[in-house]
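Residue numbers (the numbering used here), protein chains in the order written: chain A, -3 to 186; chain B, 9 to 579.
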């Protein structure tokens, strides 16, 4: 039996699959490369390491793109890759030096920042917050960043960190408690 | 560890900031805030914190990020696949007995140690000094770098050669299945066939069979919570062996699993399970969720009760001392000067609960000894010394001068002592640079041992800039007077960059059973770990590495576990 139009349909789909994949990846990179870089930067506190981790994150994402069946999960999926890659990086760094993740200096890159005075103020505030963040345990830091920097719900954080909704709420509360102390040590009121 | 009312409201406050409250929770919180100054202050503080975080400066990523990603993609995925997982045909043509055996990838790898290396340990069966070997795929010829068989042994030979015993584990754990329905299973070590289900969940990182093969104690990771969970499963008679070891009467049904508690992850001092020789007691260490207290616990399969042995908040489980008619347990207290105590439970109707282990020690306290690990025959001990500290929210580790030592364990006039101590590492100098911790395990022959995941605080102690190396497994023999050196590390090429050693067992004087973890892949698929059986050979005979679960298997395989038979057959 001849099925009208069958040939016309099958071939274009096969031919375009690779192109679709490239286009999809390009869209993901365009949308997420900057937020992921900033998230990782706050996690590892070093611009060069953050660039390496972000690079590895997107290479892994490209290779695993076929496993992403639900486009609605892209964000959680990508942050999970970034989180795991950053943890791997921190795990490896710890073996080189026993100094925990609190020592690297958070440096600023040249970009479109405001004038020198405002810039100094901003960088000081930034550095103090970053120092406070780096005193937290890595999972507390992740959780806090995903909530307050990335504005994720407990459910999405759970998808990223592999934890239940209840576990995320508990972890996040502990992280906020620790961050409160760390910010106080940096001179923030309350 | 139940949550107080105050903790409950703090959690509601925290959840309210990200819109994670139900209507009833919102009403409950609002009512509480009306009457609680402290919680109003917490709400203000958490809200400030969220504003501060949300206001952090946005930093532009490097301009070449896209190009770097593209280059990485074009370089291809094959480089990320470890050699033992590559298709068998990749090794074709290398010659020298390459074969795929029973569905597993069997890869011949070559010794590349220095020809000048003396032999380690004793006897004609002893392996060569260097255990480093390179992957077959990158080594041109099998004779290129082999250690000459004529190298002189530098150590006193062991009294009798180790009898040939099967190096395969009695069983190993497998965590497999679809992402949303992963299941933990115990598999037969030789055939890989399922033996029975383990009700626990999570990737397993440690496992110890009771000496009679009746119970399996194991530790799993709990997501990314930073915590581990400790479990015991009654495996019944599935692994009963010919050793004739007495069974323990237990109320546990076969394949019933008990969760014993949780502990902080990533500390080798905590990831340590010890069965008494009669399988009646299992000692382990738990921490509370805040990491504030670390205490030794016991599990008694006969009554199915976990029992908190210490309440000092800084105690660690060491190892059991064979002291007939029943074993005694080394317990260590962490601190400025770590100290170990020997506890005996002989004749006690119930187990004690000790605020200070010193009060119950049956031997003089051993200052400067932390977590002594006795060899299976009880004649030798590996332990730690140095100044310990606990980071806030973290586990205990060595802050200054930390290092492992090897000594003879002696019973002298009703007391135990460790004598003729020497540093475990022969080529590192301990001063300001030192170890924080490492994982250590004895071999069944009471001579071989392995050390992995060393955290070294200083600069490299070798010319190549990577010693001691966190990524590598160090394989030594107590009879080798050189101790551990950079030459005793398994070659980095065996574990591609990013792969991490999870667990090591030393079934015989020339075998290692290594659970090695793929870098957290980041996709939503099953985490991957492989179980590798490494056979070391002498002279120009190549070492053999076998992937026990098979090259194509996807899942987390390992750790392996052995019952007491492998120890009792050793001299």
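Note that beta-carbon positions come from the ideal geometry of N, C-alpha and C, so glycine has one too.
The DSSP-derived three-state label of residue 519 of chain B is strand.
Between residue 25 of chain B and residue 76 of chain B, the CB-CB gap reaches or exceeds 8 Å. For residue 197 of chain B, the CB contacts under 7 Å within the same chain, skipping 5 residues up- and downstream, are 176, 177, 178, 179, 180 and 568 in chain order. Under DSSP, the beta-bridge partners assigned to residue 378 of chain B are B/392.
At the C-beta level, residue 225 of chain B and residue 281 of chain B come within 8 Å of one another. A straight line joining the alpha-carbon of residue 146 of chain A with that of residue 36 of chain A spans about 11 Å.
Annotation: Cβ neighbours of residue 175 of chain A in chain B (cutoff 7 Å, chain order): 57. Apart from the 5 residues on each side of it in sequence, residue 493 of chain B sits with its Cβ closer than 6 Å to the Cβ of 434 and 435 in its chain, given in chain order. Contacts between residue 449 of chain B and chain A, judged by CB atoms closer than 7 Å, are missing: the closest CB pair is about 19 Å apart. Residue 149 of chain A places its beta carbon 8 Å or farther from that of residue 69 of chain B.
Residue 177 of chain A counts as exposed, since fewer than 16 other C-beta atoms from the protein chains shown sit within 10 angstroms of its C-beta.
Inter-segment contact for the region 451 to 465 of chain B and the region 508 to 517 of chain B is present: three or more beta-carbon pairs are separated by less than 8 Å.
The residue from B/235, B/231, B/265 and B/234 with its alpha-carbon nearest to that of residue 242 of chain B is B/265.
Within a 10 Å sphere around the beta-carbon of residue 68 of chain A sit fewer than 16 other beta-carbons, which makes this residue exposed. Secondary structure note for residue 469 of chain B: it is in no alpha helix (DSSP H), with a DSSP letter that is neither H nor E. One alpha carbon belongs to residue 447 of chain B, the other to residue 193 of chain B, and they sit about 25 Å apart.
Around residue 292 of chain B, no beta-carbon contact reaches into chain A at under 9 Å, the shortest distance being about 22 Å. Here residue 53 of chain B is buried: its Cβ has 16 or more other Cβ atoms, across all protein chains shown, within 10 Å. Taking the beta carbon of residue 41 of chain A as reference, no residue of chain B falls within 9 Å; the closest one sits roughly 12 Å away. The straight-line gap separating the alpha-carbon atoms of residue 293 of chain B and residue 61 of chain A is approximately 41 Å. Beyond the five residues adjoining it in sequence on each side, residue 41 of chain B comes within less than 7 Å, by CB distance, of 47, 48 and 51 in the same chain, given in chain order. Of all C-beta pairs linking the region 202 to 219 of chain B to the region 256 to 272 of chain B, three or more are shorter than 8 Å, placing the two stretches in contact.
Straight through space, the alpha carbons of residue 172 of chain A and residue 64 of chain B are spaced by roughly 16 Å. If you compare the alpha carbons of B/526, B/73 and B/393 with that of residue 48 of chain A, the shortest gap goes to B/73. In the structure shown, residue 464 of chain B adopts extended strand secondary structure according to DSSP, grouped into three states. In the three-state reduction of the DSSP assignment, residue 361 of chain B falls in the coil class, being assigned neither a helical nor a strand state. Taking the CA atoms as reference points, residue 184 of chain A sits about 47 Å from residue 381 of chain B.
With contacts defined as CB atoms closer than 8 Å, residue 363 of chain B and residue 396 of chain B fail to qualify as a contacting pair. Listed along chain A, no residue sits closer than 9 Å to residue 203 of chain B by beta-carbon distance, the nearest being about 27 Å off. Residue 373 of chain B counts as exposed, since fewer than 16 other beta carbons sit within 10 angstroms of its beta carbon. Interface residue (Cβ-Cβ distance to chain B less than 8 Å): residue 163 of chain A is classified as such. According to DSSP, residue 25 of chain A shares a beta bridge with no other residue. Distances from the CA of residue 41 of chain A to each of B/376, B/199 and B/67 were compared; the closest alpha carbon is that of B/67. Boundaries for residue 195 of chain B: no alpha helix (DSSP H) harbours it, while the beta strand (DSSP E) harbouring it runs 191 to 196, taken from the DSSP string. Residue range 45 to 62 is occupied by the alpha helix (DSSP H) that includes residue 53 of chain B. Close partners of residue 256 of chain B in chain A (Cβ separation under 8 Å) are lacking, with about 35 Å as the shortest Cβ gap.
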